[in-house]
Every structure is written in structure tokens, then in C-alpha cells.
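Q: So that we are looking at the same thing, I have put the structure below in C-alpha cells.
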Amino acid sequence: MHKYKGSSKLMLQPENTEELSQILKYCNSRCLAVVPQGGNTGLVGGSVPVFDEVIINTRRMNSIISFDKVSGVLVCEAGCILENLISFLDKQGFIMPLDLGAKGSCQIGGNVSTNAGGLRLVRYGSLHGTVLGLEVVLANGDVMDMLGTLRKDNTGYDLKHLFIGSEGSLGIITKVSILTPPKLSSVNIAFLACQDYISCQKLLFEAKRRLGEILSAFEFLDSRAMNLVLNHLDGVRNPLPSSIYNFYVLIETTGSNESSDKEKLEAFLVHAMESGLVSDGALAQDLNQASSFWHIREGIPEALMKAGAVYKYDLSLPVEKMYDLVEEMRIRLGAEANVVGYGHLGDGNLHLNVSTPQYDDAVRFVFLLHKSKNGPTVLLLIIIRTPQQILAQIEPFVYEWTSRHHGSISAEHGLGLMKAEKIYYSKSAGTVQLMASIKKLLDPSGILNPYKVIPQSLLS
Ligand code: FAD
Ligand code: MLT
Ligand code: ZN
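What follows is the structure in C-alpha cells.
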């Protein structure tokens, strides 16, 4: 995003848990801060060294340890790239329970550490449900073996949950055991157009009722997101070119009976058309078309990046209120910025993105030729730092709005560096205090991913 600039003299790439444990033991004894890093695709600066932290990158820990076809439990090292796991499972007739646009680079350890949501959470649930076990190295180098493969285990506190979503602030995940669903034979994808947001909402309500157990994704994008993709990504075509629509919805169904699944989806689409919820639509006829529909949705972050600077907000909000925020933001920012809305509507997760040509705290350099009365002509360099006008219009407004509507300021991307100090908008003071106590217990010297997740004032 060209937003976070790392600063580190050293990156270590351990090959196994033992090496990683030795590294942490050493760093802890010397009070050397470290930043755990997976695929570095995170969107909140969590994997970026802020001052001089030692980067511990898990990319070399990338073996698949075991896969059990009966239970569907996959055990692998943290550095496995998500897409490689998806390909491995595909050959076994299974799928990963999570999928996201960054799958080509992000690692399963990074996914678990951020509790990544992604495109199919509506069907398979969060990683808190599908991750069965973890191996974690604590700040002092101790290896915690919690790598269970059982679905049910109520022996005391289920401590693995502390590490799911803790963004590398409590320990470094080295191995993951995860429940994977079987790959089902019939997948259908529809790309639909709606004229207004209320129709998108009603469509979601109907999809849940009429598609039920076969619904595997319900994503939406507004016309501005669509235009960005069409303008900035090569080879993308609008599947519904006959008119301009305000909203687009991508619906995927996954089931085991081709004819009945298709029948169900078609009946749903007929109902949606007849009741006026959907203005136009296309059903993917083959795998190529299906992936071209997905490419539009998954390509939005890349298109935004190509368009210039982007202020990203990842919010959980009541579905009925969600798009009001996008509209209010447009009124606040006027023509200065392109305010874009898209996201995982099925999960109540809005991605509100504000796109501008450049970050407004950018430094501008102006060169002037200055001729003094008797002296020589000199070249003057003037450095202008523009006030953060756009950012000041967005924040704290966006966080206050979200808090007022009982939402979350981080639905799935985490807090990282960007939102560590904003945690109070979504969590009570007592809860944050308890989090800080847990952090101090597990990492008394504060070496693990400092400046992230928890406000600094509670840790110093
Ligand atoms: P990194 O970026 O390297 O690290 C993320 C955080 O986890 C950091 O705080 C880091 O310190 C910590 N960490 C990494 N590895 C470990 C480890 N082994 N142990 C402990 N801590 C660790 N996110 C979603 O939730 N849903 C989406 O749909 C989604 N789509 C995306 C699409 C694109 C195009 C991009 C660029 C990003 C997207 N993201 C999404 C955000 C990002 O991909 C996820 O947060 C991902 O899970 C991060 O994985 P990573 O390996 O790149 O982690
Ligand atoms: C997405 O859903 O596309 C991701 O979370 C990334 C983003 O919001 O940009
Ligand atoms: Zn997302």
C-alpha cells in the first residue's frame, strides 16, 4: 500500500521450531524486539518492523506434516502458503475452509495470527471454529504443544484461542492443525446487479432462506469498486454491460447434487428478478467464467492500490446500517476522494476504502531559483508537508460512527500498527486491561511485535 515503511537490519528465516525457539530465547535474554512475519500481505502494518525489530519470517517452515482423509484434518507448518495448501487439498478431494485474495502469498500462520475471514466465512465459519490445534513458541523460547487434532476436547482452558487473532503479540505460531471440508462436486456462481442497497440486503435475507445450506459466498461491491477494477486491471470485462448499476452481488453455492443445486439457485434467481430485487444477472457457464466473476471481487484491493493512495477501513456493522456510512463519508469528503464500498455482506463486514491520488501527508518538494541582489543565483529546495486534511475528515469520524452503531473497527484485518491505539472504540477499558495483563504474563519483556495490538500506555 506504500503506507508502512519497514526498518530493520536483520531478517531471520528459521527452518524449524527448534531454530525459532533458540532465536526467541536469545532475543528475550537480550531484550531484542522481534516482529513475526508470514507472507507480509497484512493490511494494518502488523508484520512491519517499526524501528529496528528483528524480523522472524516463517517462509522456510513450509512442510505439510499430515493429512487424514477420514477426518479431513490437515497438520502443517506455519509457513505454508495458503494457495499451496488449497492445491494440495484439491488433489485429495478437499478444500481449505478459508480463501482470500492474497492466497498466493499469505501463509497459514499469518492467516491464523490475524484470524483472517475471507470469502467463505459465511459457510465455513471463522478460524476459531476450524483450527483444532496449534504449536506456538512463546517469547522466552518455550514451545507450547497444543497441536491437537480432536474436534472435542474440554480439558481445561482452550489456550490456542489466545493465539488465533493475536497478531504475533503473544507467541509465534509454528504449526497448525485445521479441519478441512470435502470438495463438493457442484459449484455455481451468479453475478447480479441491484439498483439500491436495500435490495442487496433483501437479497441476502432471501438467499439465506432459499439457498440455505448450499450458500457458500455472498459478496457485494458498489459501482465505484466495479469502475476501479474495470479501469485498473487488465482484461477484466463487466459481465453485465447493458446498463450501469449501483450495486453488484456475487453469490456462490456449493453442494453435492448438481441438478437440485442448480434448480434451487435458478428458482431463487427467478424469485429475485420477479420481485425486483435484482435488475440483471449472469450465471457462470464454465470454470473460466466463474473465475472471471471472482476476479472482479478479489481484484478490488489491487485496483485500489493501482489508483493511488488508499485509506482502508474494515468494519463489522449491522447490515441494515452498513452502507449509510459510505454515503455519509461521501458527503464529508465531497469530490476530493473516491469513497468505495465492498465486502463480505453475508458476514456483515464492510470494506470502506477512500481512494485519493496520494497520501495527504505526503511531502512535496519544490525547487526555486533565487537570485539575491548582489550574490549568485542559488537553487532553493522547499519542503512542503500538507496538513492531513483528508485523514482528519475520516478519523475519528469513522471509528466514532462504528462504535455508535455497536460495530467493530476491525472485522478481519486486525489492529496491527494502524489501530492499536483505537482499540477502545470496540472494547471496554476493562477488557483491554485484561488483554494487557495477558500480554505481560506471556511476554514480560515486551519483545513480541511491540507497538501493535495493545495501546503502548498499558505496556510501558
Ligand atoms: P503477515 O502480513 O506477514 O502478518 C500479519 C500479522 O500476523 C502480523 O501481525 C504478523 O506479525 C503476524 N504473524 C504472521 N505470521 C505469524 C506467525 N507464524 N505467528 C505469529 N504471528 C504471525 N484478510 C482477511 O481477513 N480477509 C480477506 O478477504 C483478505 N483479503 C486480502 C486480499 C488482499 C489482496 C490482500 C493484500 C490482503 C487481504 N487480507 C485479507 C489481509 C491479509 O491477507 C491477511 O491478514 C492474511 O491472513 C495475512 O497473512 P500473512 O501470512 O501475509 O501475514
Ligand atoms: C477483501 O475482502 O478484499 C480483503 O479483505 C482486502 C481488502 O479489504 O482490501
Ligand atoms: Zn475482506
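In full-length UniProt numbering, the protein residues as written are 1 to 460.
Here a beta-carbon is modelled for each residue, glycine too, at the ideal position from N, C-alpha and C.
Everything numeric in this text was worked out from a predicted model, so none of it was measured.
Use the C-beta contact count for residue 111: other C-beta atoms within 10 angstroms, 16 or more gives buried, fewer gives exposed.
A: That one is buried.
Q: Measuring alpha carbon to alpha carbon, tell me which of 167, 72 and 119 ends up nearest residue 130.
A: Out of 167, 72 and 119, 72 has the C-alpha closest to the C-alpha of residue 130.
Q: For residue 101, which residues from the same chain have a beta carbon less than 7 Å from its beta carbon, with the 5 sequence-adjacent residues on both sides left out?
A: Around residue 101: 298 and 301.
Q: What runs of the beta strand (DSSP E), each 3 residues or longer, lie entirely inside the segment 373–411?
A: Segments of the beta strand (DSSP E) lying fully in the segment 373–411: 377–385.
Q: Relative to the C-alpha of residue 318, which candidate in 350, 310, 355 and 250 has its C-alpha closest?
A: Nearest option by C-alpha distance: 350.
Q: Give the single residue among 401, 182, 107 and 345 whose Cα lies nearest to the Cα of residue 325.
A: Of the candidates 401, 182, 107 and 345, the one whose C-alpha sits nearest the C-alpha of residue 325 is 401.
Q: Along the chain, where does the alpha helix (DSSP H) containing residue 28 start, and where does it finish?
A: Looking at the DSSP string, the run of the alpha helix (DSSP H) that includes residue 28 is 17–29.
Q: Could you tell me whether the Cβ atoms of residue 47 and residue 38 are closer together than 8 Å?
A: Yes, they are a contact pair.
Q: Which whole runs of the beta strand (DSSP E) in the segment 185–237 are 3 residues long or more, in chain order?
A: For the segment 185–237, whole beta strand (DSSP E) runs of length 3 or above, ordered along the chain, are 186–194 and 215–222.
Q: Among the residues of its own chain, which have a CB less than 6 Å from the CB of residue 370, if the five just before and after it don't count?
A: 378 and 380, listed in sequence order.
Q: In the DSSP assignment, what are the bridge partners of residue 254?
A: Its beta-bridge partners are 187.
Q: Ignoring anything shorter than 4 residues, give me the alpha helix (DSSP H) runs that lie fully in the segment 256–288, in order along the chain.
A: As far as the segment 256–288 is concerned, its whole alpha helix (DSSP H) runs of at least 4 residues are 258–274.
Q: At what residue ranges does the segment 62–90 contain a whole run of the beta strand (DSSP E), taking only runs of 3 or more?
A: Whole beta strand (DSSP E) segments, 3+ residues: 64–68 and 73–77.
Q: Taking the C-alpha atoms as reference points, what is the distance between residue 333 and residue 314?
A: So the two alpha carbons sit approximately 18 Å from each other.
Q: Between residue 251 and the ligand FAD, is there a pair consisting of the residue's CB and a ligand heavy atom that are separated by less than 7 Å?
A: Not so, every heavy atom of the ligand FAD lies at least 7 Å from the Cβ.
Q: From this set, 390, 74, 346 and 17, which residue's C-alpha is nearest residue 331's C-alpha?
A: Answer by Cα proximity: 390.
Q: Any chance the CB of residue 431 is under 7 Å from a heavy atom of the ligand MN?
A: Ligands present in the displayed structure are limited to the ligand FAD, the ligand MLT and the ligand ZN, and the ligand MN is not among them.
Q: How about residue 15 and residue 416: are their beta carbons less than 8 Å apart?
A: Going by C-beta atoms, residue 15 is not nearer than 8 Å to residue 416.
Q: So, under 8 Å CB-CB, residue 108 and residue 85 are touching, yes? Tell me the CB distance rounded to an integer number of Å.
A: Contact holds; Cβ gap of about 6 Å.
Q: Are there 16 or more other CB atoms within 10 angstroms of the CB of residue 49, so buried, or fewer, so exposed?
A: Under this definition residue 49 is a buried residue.
Q: Measure the beta-carbon distance from residue 12 to residue 65 and round it to whole angstroms, keeping in mind my assumption that it falls under 8 Å.
A: Not quite, the Cβ-Cβ distance comes to about 22 Å (not below 8 Å), so this is no contact.
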